[in-house]
Structures are given as structure tokens and as C-alpha cells.
Amino acid sequence: MEQYVIKGGNPLVGEVKIGGAKNAALAILAAAIMTDETVYIDNLPDVRDINVLLQAIEGIGAVVERINRHTVKINGSMIRDINIEYEYIKKIRASYYLLGALLGKYKKAEVALPGGCNIGSRPIDQHIKGFRALGAEVKIEHGLIIAEAEELTGNHIYLDVVTVGATINIMMVAALAKGNTIIENAAKEPHVVDVANFLNSMGANIKGAGTDVIRIKGVEKLHKTEYSIIPDQIEAGTFMFAAAATKGDVTVKNVIPKHLEATTAKLLEIGCEVEEFDDAVRVVASKPLQHTHVKTLPYPGYPTDMQPQIAVTLGLSQGTSIVTESIFENRFKYVDELARMGGDIKVEGNTAIINGVQKYTGARVSAPDLRAGAALVIAGLAAEGITVVDDIVYIQRGYECFEEKLKALGAQIQKVSNESEIQKFTLKVG
16 MEQYVIKGGN PLVGEVKIGG AKNAALAILA AAIMTDETVY IDNLPDVRDI NVLLQAIEGI
76 GAVVERINRH TVKINGSMIR DINIEYEYIK KIRASYYLLG ALLGKYKKAE VALPGGCNIG
136 SRPIDQHIKG FRALGAEVKI EHGLIIAEAE ELTGNHIYLD VVTVGATINI MMVAALAKGN
196 TIIENAAKEP HVVDVANFLN SMGANIKGAG TDVIRIKGVE KLHKTEYSII PDQIEAGTFM
256 FAAAATKGDV TVKNVIPKHL EATTAKLLEI GCEVEEFDDA VRVVASKPLQ HTHVKTLPYP
316 GYPTDMQPQI AVTLGLSQGT SIVTESIFEN RFKYVDELAR MGGDIKVEGN TAIINGVQKY
376 TGARVSAPDL RAGAALVIAG LAAEGITVVD DIVYIQRGYE CFEEKLKALG AQIQKVSNES
436 EIQKFTLKVG
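Numbering-wise (the numbering used here), the sequence shown opens with residue 16 and increments by one.
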């Protein structure tokens with residue numbers, strides 16, 4: 016198993032370029048099979064989740080041509096199988112987007128119940144509710160969700176909770192349903208907007224994405240398109256907090272600053288300077304960090320995927336901070352790992368009470384999931400001494416070239432795969 020070994024204490028300084036948004040790309044790749052014509056997608060992040068989904072799409076008969084690391088051509092005209100294997104699903108949760116894509120196009124889909132990061136239960140009841148409202152019969156048998164419809168017809172759907180996955184899945188089915196669909200209490204995340212823009216570029220008629228009411232006029236079929244995926248706001252935010260925690264000065268390039276407003280607001284509250292440009296954000300942490308309170312909420316609130324990164328940073332801030340997690344119940348698994356590095360965090364229910372400490376000290380820790388893994392790397396970069404992060408396969412699911420990008424900012428970090436490589440690194444940086 017690969018690990019990161021880190022010698023902390025260097026402020027991160029320089030520029031970093033952000034890749035395409037993983038969460039947008041997963042849904043867009045699934046939607047690409049909804050036409051029989053060839054779709055060209057670029058600004059794809061080259062991360063494990065994306066590569067697994069492309070294999071799943073190929074596995075059902077679509078033609079996938081990798082032009083380069085960040086560009087792919089997909090043709091869904093040869094799909095012969097509407098059953099997505101468990102092997103793919105258990106690796107990535109987002110393969111459930113193939114349910115909406117296949118149901119919309121073929122009126123039938125079978126997908127294994129999903130896996131993904133273990134950060135709490137993510138029910139798919141709202142997806143099923145939406146599919147049924149559009150005329151599909153949905154049942155769960157032998158670990159599969161089976162959806163089929165003689166005809167898909169538009170409907171008025173009110174989601175009981177704000178959910179990105181269900182909003183996107185219903186949008187895909189409704190794009191090819193007869194008549195009009197209205198989704199109320201829809202998720203407003205940037206990647207929902209990106210998927211709607213992508214579908215519209217293929218001939219769909221979707222209005223209101225980015226607000227809580229999305230209106231869709233069904234069309235008969237979708238056509239080819241060329242599309243570029245939005246930048247990843249979570250990757251950007253991760254580097255912004257890495258700059259704050261290491262007392263650095265980092266310019267994060269290729270971003271949409273509007274998507275980062277909740278993150279930027281918190282960095283300003285804790286005493287960082289943040290400068291916004293057209294497509295870049297600069298974070299400077301020259302003063303001691305201050306405490307604050309944060310609660311995760313659906314967009315445009317503070318993102319749950321940025322919760323571990325701010326908690327690690329607040330652990331080095333003066334005073335007591337409170338972090339409330341309102342989206343996922345298992346999102347504090349990194350707290351025990353951070354305690355090994357000297358963090359002072361107590362978790363009560365869905366709240367973490369963080370007393371700032373002077374410094375973290377290097378230790379051996381394990382990444383419990385994707386974002387918490389990235390946060391532990393940030394802790395290691397800010398810590399005194401050597402930190403080893405195990406289970407980095409989680410981190411590689413969502414961050415492209417993570418250690419290379421950090422190295423370019425002056426971090427001392429290396430990917431290793433055994434104890435002797437860890438010792439070599441330790442002697443070298445000693």
C-alpha cells in the first residue's frame with residue numbers, strides 16, 4: 016500500500032493550477048452515453064474515480080477513447096448492456112448516475128447499490144421517488160436497483176431533502192421524458208449547473224439550474240457536443256487551507272472565485288488575506304490565525320467536503336472553534352488521527368469543539384476517507400517533524416498529482432510504498 020511521508024514546517028509558497036471538478040465530471044461522463052453520437056469532454060481530472068467510471072461505461076459497450084490525460088471521446092451507440100456490475104459500484108458511489116442516464120435513454124437500467132467513501136449513509140430514496148414520479152417502476156432485488164418504464168412522462172417533483180445526486184439523476188431522466196418536469200427544492204451546487212449546461216449543449220431544455228426550482232422540457236433525443244468541465248472548487252479550497260495552515264502564500268489558478276465564496280469568507284474570518292482575480296485566488300497567512308464557528312450546509316453554504324480541511328486549520332488557530340456537520344454523520348473519523356499529532360478536538364454528536372494548539376507534531380496516521388485524508392496531509396505539512404499518512408488510495412480518488420502540486424509549492428512530501436523508503440526519506444530530509 017502506498018503512503019505519503021511528509022516533513023512539515025515549510026510554508027507553502029507559489030502557484031498551483033486546479034483541475035476539473037471530479038463531482039461534475041462523474042455525472043457528465045454518465046450523461047455522455049445518453050446520445051448515439053460522439054461526445055468530446057475535456058478538463059477531466061485524471062483521478063481514480065474518473066478512470067473507474069470510464070471502465071464501467073466501456074464495460075456496458077460504449078466506445079471510450081482517451082485522447083490525453085484530460086480529454087475523452089465517448090460514443091454510446093453500441094451499448095448492449097444496461098446492467099452495471101457491483102465491482103465498479105463498490106469502488107465509486109457516483110456510478111449511480113448511470114441509472115438516470117440509462118433509464119432516460121433506454122427506459123431501463125440495472126445498477127448495483129452504491130459504495131464509495133465511508134462517511135455516513137447516503138440514501139437513494141429521493142432518486143427512486145423521482146424515477147417513480149416520471150413513470151418508472153423501481154424495485155430493489157439481489158442488491159440491484161432495477162428501474163424500467165414503458166413511457167417516461169414529466170411531473171412536478173418536490174425533493175424532501177436537498178440532494179445533489181437525486182437532482183442530477185432526475186434531471187437526466189426528465190431531459191428525455193415526454194412533457195414538462197419541475198424539480199423543487201433542487202440542489203444548487205456548481206456541478207448541478209455544469210451537468211445542466213452539458214445536457215443543454217446536447218440539445219436538452221433545462222432552465223433554472225443553480226436555483227432551487229429546475230424546469231425541464233423533455234426532448235426526443237440528444238446530440239453530439241464538445242464540453243469543458245468546470246474547475247474543482249474542493250481541490251481549490253484544499254490548497255487554500257493548506258496555505259493558511261502552513262502560514263504560506265499561495266495563488267490558486269484556474270478557478271471560479273464565485274464558487275469559493277463560502278471558503279473565502281471563513282479564511283478571511285480566521286485572519287488570512289484573500290485576493291480575488293478573474294480566474295485565481297491568492298491566500299496569504301502572515302498573521303496568527305483566529306478561531307471561528309462553521310456549519311456545513313448545501314451550496315451556497317459551507318461545503319461538507321471542506322469540513323476536515325478547515326477543522327485541521329482551526330486546530331492551529333487561537334481560541335476555541337466549533338465545527339457543526341449537518342450533512343454526513345461519519346465525517347469526524349479523522350479526529351482520532353489528528354489527536355495523535357497533538358490536536359485538541361472533542362466530538363459531541365455532530366459537533367466538534369476545537370481548542371487551538373501551538374503546533375502539531377509528526378505522527379503515523381491513516382486516511383479514513385478522501386477529504387479527511389487530504390486534511391491529514393495538510394496537518395502533516397504544518398507539523399513539526401515527520402508524518403506518515405497511510406491509506407492514501409482514498410486521496411488519489413479525488414486529487415490529481417497531489418504530492419507533485421504540493422512539492423512545487425515547497426512541501427517536503429514523497430509517495431512511498433515501504434518502510435525502507437520512509438527511512439530513506441527521513442534520512443534525506445533529516
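Note that beta-carbon positions come from the ideal geometry of N, C-alpha and C, so glycine has one too.
Everything numeric in this text was worked out from a predicted model, so none of it was measured.
Reduced DSSP category for residue i - H, G, I as helix; E, B as strand; rest coil
i    : result
P246 : strand
T196 : strand
D294 : coil
E276 : helix
E288 : strand
K123 : strand
L159 : strand
G413 : coil
Y112 : helix
D175 : coil
D96  : coil
D384 : coil
I104 : helix
G145 : helix
K203 : coil
K430 : strand
K439 : helix
A419 : The question names Ala, yet the displayed sequence has Glu at residue 419. Looking at E419 - three-state DSSP - the assignment turns out to be helix.
E152 : strand
E73  : helix
Contacts around residue i, its chain only, beta-carbon distance under 6 Å, and the 5 residues preceding and following it disregarded
i    : result
Y242 : I56, F213, S216
L385 : C132, Y409, R412, G413
L44  : L68
R81  : V87
D264 : V28, V299
Burial state of residue i, where buried means 16 or more other Cβ atoms lie within 10 Å
i    : result
P303 : exposed
M255 : buried
N83  : exposed
G180 : buried
Y19  : buried
T178 : buried
Q373 : exposed
P138 : exposed
Y314 : buried
E344 : exposed
T328 : buried
R95  : exposed
A326 : buried
A280 : exposed
Y317 : buried
D209 : buried
T226 : exposed
L442 : exposed
Sequence-distant residues of the same chain with beta carbon closer than 7 Å to residue i, five excluded per side
i    : result
Y349 : P323, P383, A387, A390, L391
S92  : D51
T266 : E30, A295, R297
M321 : I249, G252, T278
S110 : L68, A71, I99, Y103, I104, V126, P129
A397 : G23, A260, T261, L331, Y375
E284 : T307
T168 : L149, G150, A192, K193, G194
I143 : V153
Residues that DSSP places opposite residue i in a beta bridge
i    : result
N220 : K232
S13  : Since the first and last residues shown for the chain are 16 and 445, residue 13 lies out of range.
T86  : D57, N83
E399 : T376
V408 : DSSP lists no partner for V408.
G29  : V265
Y349 : None, per the DSSP bridge assignment.
V20  : V403, Q429
G35  : P246
H308 : I337
I360 : I369
E241 : Y55
8 Å CB neighbourhood of residue i in its chain, flanking five on each side removed
i    : result
T335 : H306, I368, I369, N370, G371
K271 : This sequence places Ile at residue 271; Lys is not what is there. Around I271: P205, I245, P246, Q248, D294.
K422 : I428
D405 : M16, Q18, R379, V380, S381, A382
Residue i CB to nearest heavy atom of the ligand GDP below 7 Å
i    : result
Q141 : No copy of the ligand GDP occurs in the structure displayed, which carries no ligand at all.
Assess, as a yes-or-no matter, whether the region 247 to 256 is touched by the region 31 to 43 under the definition of 3 or more beta carbon pairs within less than 8 Å.
Flag = yes, the region 31 to 43 and the region 247 to 256 touch.
Hey, is the region 285 to 293 in contact with the region 340 to 359, meaning 3+ C-beta pairs nearer than 8 Å?
Verdict: no, contact absent.
If you pair each beta-carbon of the region 182 to 191 with each one of the region 152 to 161, do three or more pairs fall below 8 Å?
Contact between the region 182 to 191 and the region 152 to 161 is absent, because fewer than three Cβ pairs lie under 8 Å.
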